[in-house]
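Remarks on the structure that follows.
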Amino acid sequence: MWELWDLSETDFSSPPLPPRIRKFRPGSLKRLKPAAQSRCGIMAQDLISELPDDVLRLIIGKLTLLDSVRASMLSHRWNPICFTRPDLVFDRSNMFLTPRSHESPDPCDCGQYKGKFVRAVDQVLRSYQGRNLRSFKIDFCLGSNSSDDIDRWISFAIGMGAEELSLGFYCDKMDIFHWNSIDWRGALTEGKYVFQLPNFEGSKANLKSLRLVASVLGQYSPDQFRCLQTLTVVCTNLAQYDLHGMFACLLTLKTLKFERCTLPKELSLSSLLQLEDFMIMFSEGLKEVAVSNMKLVRIQSFGDAVFDLRSAPNLKQLRLLWKPAALSWIPTHLRKCCPALQSLAFCTGTKLVENMPPTTAIFSLVTELCLVHNDRSLFGIVKINCILRAFPCLQELELCPRRHDVVEERGKTAVYDCLEVGGDSGQIPGPPSHEPPHTSPRFRVLRHLEEGKAEPKEYVHEHLKRVVIAGFWGTSSEIECAIYLLTHTTVLERMDINPKISGDHPWALGNVDVALNKGDREKICERLQPFCKKGVLTMH
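Given below as structure tokens:
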């Protein structure tokens, strides 16, 4: 019955099997008898049958769907367990093991696999013997011409009591940030699958998580999704959709995520009474978000929407990391509206930095701070001093440039622009010496540090344990900032300096390499080592 996977061409050589088995086609494959001897004199004993069911389920859970189908033909014990797995994942790699092809001029070749994919999914669902389906996931390039098949699969998942449902109808062979042949923010609706909520009758008690990718939302019912806790919408046009009416029906929703969507201009979260986590990534159209939510704990936004944070007393994590306009609050107002704030991340062009008072402790509960800067002026000692004073209990500090700013400036600013300290050679200055220090006001603080003195108004942080400086070029201002942080913290355990912007950051959109060779890195370490304890500095 598995001819759709073409198992006749399957390579059973890994792990090695006796020649007797490799000669048989799946249609004529016979069960192995215990202690059966092959022509080569090898004892082929079915040891799998002796394993406990829990062990077999653990092994099956590590296999792809295609491999589990192959395994079901090797022993009578495998067959029922293969079709009782609680998680069903149907995607291109899991069903056909076809490699990705990003270099092809037309990478989307899903059309030739579509019919085969639909029939294979139907076969698995007909053979499924499980009683409790935990999650059901489909990721394949399908559209409105497959609506009947998709509706049938959704009804099956809901009927089996699935708690997590993920429906992604896009080409997974394309780079998620550089889709050229599809509308990656969902503005176009023609040819897309229409997600009909009436298909979810009976899902009130079980469905907890729903993820929709590259589809069109149909009409909703006030009685649907009363138990839904997580909703993620990706690459979908919601500009004309009644989101506020839908929010009023989501009485138990705790997590709401919009990724690369087209949204209405204004959005209010006041009707989501149980909402704790709200995230927007690279979506268009949204200009203003009124929070006004008593239970909201986390906000993450990578866009230009402006947030009204009034009536958010329990907000603990705030990350606004795309454009400075997203946060128009000055520090004292933000502290008043969000008294429980513990983790903060924002762009340095906001009023939050421009209006930072020089000698006032404002955010007494914040322990994590990430600053995404648009220029190198952030590394000024005066500004860093104000930031440290405003966050007296800070334990982790991360400084990271925005990726496109790095790309634009790389041709303008040379790496190791240290002429003011190192002379005309442009070399990184060495450790402190007895020679007369530089008299420039810009390096006055460094001069006092190298002479073992400290200005009366300098601030020493007592809680900062970890500092990360990403996109490090080795310029004089960056070295100045690193030395200042090393010498003005009493419990610093680790400082990571990385010339790259990690792709883990959503604002980075990939790694950015800076031309730092081994010799350049050693010079930076030689410059910073005299100011730090052994094992504190790490140069990546």
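So for the sequence shown, our numbering puts the first residue at 1; every next one is plus one.
Cβ atoms here follow ideal geometry from the backbone N, Cα and C, with glycine treated the same way.
Annotation for glycine 168: Asp139 and Val213 place their beta carbon closer than 6 angstroms to its own, counting only its chain and skipping 5 residues before and after. With a cut-off of 8 angstroms on Cβ pairs, the region 384 to 404 is in contact with the region 460 to 472, counting three or more such pairs.
Inclusion of lysine 208 and leucine 238 in the CB contact set at 9 angstroms is not warranted, their separation being larger than that value. In this structure, threonine 236 sits away from threonine 255, with a CB-CB distance that is not shorter than 9 angstroms.
For cysteine 337, the enclosing alpha helix (DSSP H) covers residues 331 to 337. For glutamate 526, the enclosing alpha helix (DSSP H) stretches over residues 518 to 528.
Ranked by Cα distance from proline 264, the first of Ile280, Thr487 and Leu251 is Ile280. Scanning Gln240, Leu320 and Gly380 for the CA closest to the CA of phenylalanine 278 turns up Leu320. Collapsing the DSSP output to three states places valine 491 in coil. The beta carbons of leucine 133 and alanine 157 sit closer together than 9 angstroms. Distances from the CA of alanine 305 to each of Val289, Val297 and Leu318 were compared; the closest alpha carbon is that of Val289. Looking only at Trp153, Ile524, Glu163 and Ser127, the smallest Cα-Cα distance to phenylalanine 195 is reached by Trp153.
Our two residues, serine 155 and threonine 252, have alpha carbons roughly 22 angstroms apart in a direct line.
As computed with DSSP, leucine 231 is found in a beta bridge with Leu210 and Leu256. Glutamate 396 and valine 121 have their C-alpha atoms spaced approximately 48 angstroms apart. The C-beta of serine 476 has 16 or more other C-beta atoms within 10 Å across all chains shown, which makes the residue buried. Its Cα nearest to that of lysine 287, the residue Glu266 stands out among Leu296, Asp151 and Glu266. Residue burial is scored here from C-beta neighbours: arginine 92 has at least 16 other C-beta atoms within 10 angstroms and is therefore classed as buried. Residue pairing for methionine 539: DSSP places it in a beta bridge opposite Ile497.
A Cβ-Cβ distance of about 12 angstroms is found for the pair phenylalanine 472 and glutamate 480, leaving them out of contact under the 8 angstroms criterion. Of the candidates Ile362, Leu485 and Asp242, the residue whose Cα lies closest to the Cα of glutamate 398 is Leu485.
For a cut-off of 8 angstroms, the C-beta gap from leucine 309 to cysteine 347 is around 16 angstroms, too long to register as a contact.
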